[in-house]
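Protein chains in written order, with this note's numbering: chain A, 1 to 279; chain B, 1001 to 1279.
Accompanying notes for the structure given below.
Number of protein chains: 2
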Amino acid sequence: MKTKSIAFLGPLGTNTEQATIKYDPKATPINCSSINEIFEMVTTKKADEGMVPIENSIDGPVTDTLDILIHESKLSIQNEIILNISHCLITNKNSSEKESFSEIFSHPQALNQCKKFLLAKYPKTKLIASMSTSEAVKFVANSTKKIAAIGTDRAAEIYEAQIIAKNIEDNMNNSTRFIVLSHKKTSPSGNDKTSLCFSFSKDSPGSLYKVLGKFAKRDINLTKIESRPSKNTLGQYVFLIDLEGHQEENLIKETLLEVKQEVSELKLFGSYPIDKISK
Amino acid sequence: MKTKSIAFLGPLGTNTEQATIKYDPKATPINCSSINEIFEMVTTKKADEGMVPIENSIDGPVTDTLDILIHESKLSIQNEIILNISHCLITNKNSSEKESFSEIFSHPQALNQCKKFLLAKYPKTKLIASMSTSEAVKFVANSTKKIAAIGTDRAAEIYEAQIIAKNIEDNMNNSTRFIVLSHKKTSPSGNDKTSLCFSFSKDSPGSLYKVLGKFAKRDINLTKIESRPSKNTLGQYVFLIDLEGHQEENLIKETLLEVKQEVSELKLFGSYPIDKISK
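As structure tokens, this is what we get:
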């Protein structure tokens, strides 16, 4: 039997690769260079499924993913994966150096997330930007200089580098939620979440309130609500909602029919099982 | 008379510096290296005011700013500034080269925002990460190699570099909203916005709905609603709201008193004039 292929955000050693392995260790991973490319690969059926990050507990929503979901994609969310994100300080395998480095490399976001650690332990070390945490680890692993990188333990494994310190991020509560995209719809599991978005043709003070009322009167729990500026006008919004329940359940079906009457556009992204760590 | 000092996110040539100049060209700017440092400088009165980004139309909320506002700061928002963000392709002043570069430098976010332009015009050029767009422009301005940077026109001016192309971002609708922080409260101008956040001690399906009802029944327009994961538990949220009106107006005062009854915590960030471009 042919194994399933999953397009993910590369290079090897990224958190998206880790999420892909957690989701299905037997699948064939396909390395993509952008979130847009992953949507493309699945849409054109060059990959069976796609794994993309959708929100991080510290950095907030992944807007590339949200904007493609809202404006372009016809794919469904068929699963979610929550991953704890932990940064490591990494150097090359032969180095005995643990205390002084001339340079530390990483993606600016990762350097920023480890600011307190870097300031306390390496106040004088020069911080240098890389395109990704994996690229930083790969570069450092292949160097003979006294340099280090910030990246995942998985990247250290792949590029045969040495981990000097783990969990060096300032905020320990760092997790990322990933979604699995495909052409398929997922059947109810009994413990599901539904993601959708809607917008109004014009701003009016009570419109969002009316829609939320449809959920409230049925005791449907919303696990997320978020507004994104619509691409047309500043001040107009698209609202993204995650709710507990599956779109094939009668209660949810009936609610969504009522919501449709109140909004100018409603788009369902999919219903899928709630990941255990997420709740 | 001593001029007002404003702490901003440096280095020179960043969009935050541009916002500071737009807000008050006569103020003394104080160059800070992080959003945290700007809050500190104003809190400890080493600067009169602070200018920080709060949201970008493409990249979404600036979570460093939101998290400090929600959890730590006692400063007030006393103004907002909306700036159109435009990326330029920049090289050194003596270069006659406009068509082929060996490397293009910038912050990964800026490289990402100009992906289509780069792919169309420089498909084979190596993209290299920098810590900020300004750092990239400074480096390229001082180099004699055939390299380019992506940054602001202001950075090109400061570092005496040459602009090759303007408005090279994929999405033209790119604007950033900045806020001015201080110990002062701003008096009503007649056209104001109020920013606040609240949370609930436990998730219950109708709680957000009840709060929004307080605004809806008085026809108070919400110009923003956003949820941020609370730092304690996954699945619990802090809600951020911007509404039209000033906290000293009776209608708003009375509403906020009612909202207080429904939430476990309510924090007012301030009331301030709506920036002209924002509406």
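Quick reminder that beta carbons are idealized off the backbone N, C-alpha and C, glycines included.
Who are the neighbours of residue i on chain A, taking C-beta pairs under 9 Å?
i, result
"T1176/B", "Here the premise fails: no neighbours, minimum Cβ distance about 11 Å."
"L1208/B", "L212, A216, L222 and I225"
Determine the DSSP secondary structure at residue i, reduced to helix, strand or coil.
i, result
"F215/A", "helix"
"D192/A", "strand"
"Q1109/B", "helix"
"E157/A", "helix"
"D242/A", "strand"
"A1120/B", "helix"
"L1127/B", "strand"
"F282/A", "For chain A, the structure presents residues 1 to 279; residue 282/A sits outside this window and is missing."
"L1069/B", "helix"
"Q162/A", "strand"
"K138/A", "helix"
"S1143/B", "coil"
"N1173/B", "coil"
"K1279/B", "For K1279/B, the pLDDT reaches just 36, beneath the cut-off of 50, and the residue's location in the model is therefore unreliable, although a value from the coordinates is still provided. DSSP places K1279/B in coil when its eight states are reduced to three."
"Q1078/B", "strand"
"T43/A", "helix"
"G270/A", "strand"
"V263/A", "coil"
"E258/A", "helix"
"E1037/B", "helix"
"E1099/B", "coil"
"N167/A", "coil"
"T3/A", "coil"
"N94/A", "coil"
"K253/A", "helix"
"A1019/B", "helix"
"T223/A", "strand"
Give me the chain A residues within the contact set of residue i, using Cβ-Cβ distance strictly less than 8 Å, ordered along the chain.
i, result
"Y1159/B", "The contacting residues do not exist; Y1159/B stays about 18 Å from chain A at best."
"Q1107/B", "Residue identity differs from the one stated: residue 1107/B is His in this sequence, not Gln. Chain A residues near H1107/B: P108 and A129."
Using a Cβ-Cβ cut-off of 9 Å, state whether residue i counts as contacting chain A.
i, result
"N1292/B", "With chain B running from 1001 to 1279 in the structure shown, residue 1292/B is simply not present."
"Y1237/B", "yes"
"G1190/B", "no"
"K1185/B", "no"
"S1199/B", "no"
"K1138/B", "no"
"L1066/B", "yes"
"K1276/B", "no"
"T1014/B", "no"
For a contact defined as C-beta to C-beta under 7 Å, what are the partners of residue i on chain A?
i, result
"I1058/B", "T63"
Contact defined as beta carbons within less than 8 Å: I believe residue i pairs with residue j. What is the distance between those atoms, to the nearest angstrom?
i, j, result
"K224/A", "S1207/B", "Actually they do not touch by this definition, with Cβ atoms about 14 Å apart."
"D192/A", "H246/A", "4 Å"
"S1005/B", "A1027/B", "7 Å"
"L196/A", "F215/A", "In fact, because the Cβ distance is near 11 Å, the residues do not count as touching under 8 Å."
"T16/A", "P53/A", "6 Å"
"F139/A", "Y122/A", "Going by Cβ atoms, the distance from F139/A to Y122/A rounds to 18 Å, so no, they are not a contact pair."
"I104/A", "N174/A", "Between N174/A and I104/A the Cβ distance is about 19 Å, and since that is not below 8 Å, they are no contact."
"L1009/B", "I1038/B", "6 Å"
"S182/A", "E49/A", "5 Å"
"L75/A", "T43/A", "6 Å"
"A47/A", "A110/A", "In fact, because the Cβ distance is near 27 Å, the residues do not count as touching under 8 Å."
"Q978/B", "I1058/B", "Outside the shown range of chain B (1001 to 1279) lies residue 978/B, about which nothing can therefore be said."
At a Cβ threshold of 9 Å, is residue i touching chain B?
i, result
"A216/A", "yes"
"P229/A", "yes"
"I225/A", "yes"
"S34/A", "yes"
"S132/A", "yes"
"E219/A", "The identity of residue 219/A in the sequence shown is Asp, whereas the question assumes Glu. Yes, contact with chain B."
"K115/A", "yes"
Please confirm whether residue i has its beta-carbon closer than 9 Å to some beta-carbon of chain C.
i, result
"E1265/B", "No chain C appears in the structure shown, which is made up of the protein chains A and B."
Review point. Counting Cβ pairs closer than 8 Å, one from the region 1151 to 1161 of chain B and one from the region 1127 to 1140 of chain B, do we hit at least three?
Key: Flag = yes, the region 1151 to 1161 of chain B and the region 1127 to 1140 of chain B touch.
Review point. Using 8 Å as the Cβ pair cut-off and three pairs as the minimum, do the region 73 to 80 of chain A and the region 121 to 131 of chain A touch?
Key: no
Check your understanding: Would you say the region 1113 to 1127 of chain B touches the region 256 to 267 of chain A, given that touching needs at least three Cβ pairs under 8 Å?
Key -> Contact between the region 1113 to 1127 of chain B and the region 256 to 267 of chain A is not established, with fewer than three Cβ pairs separated by less than 8 Å.
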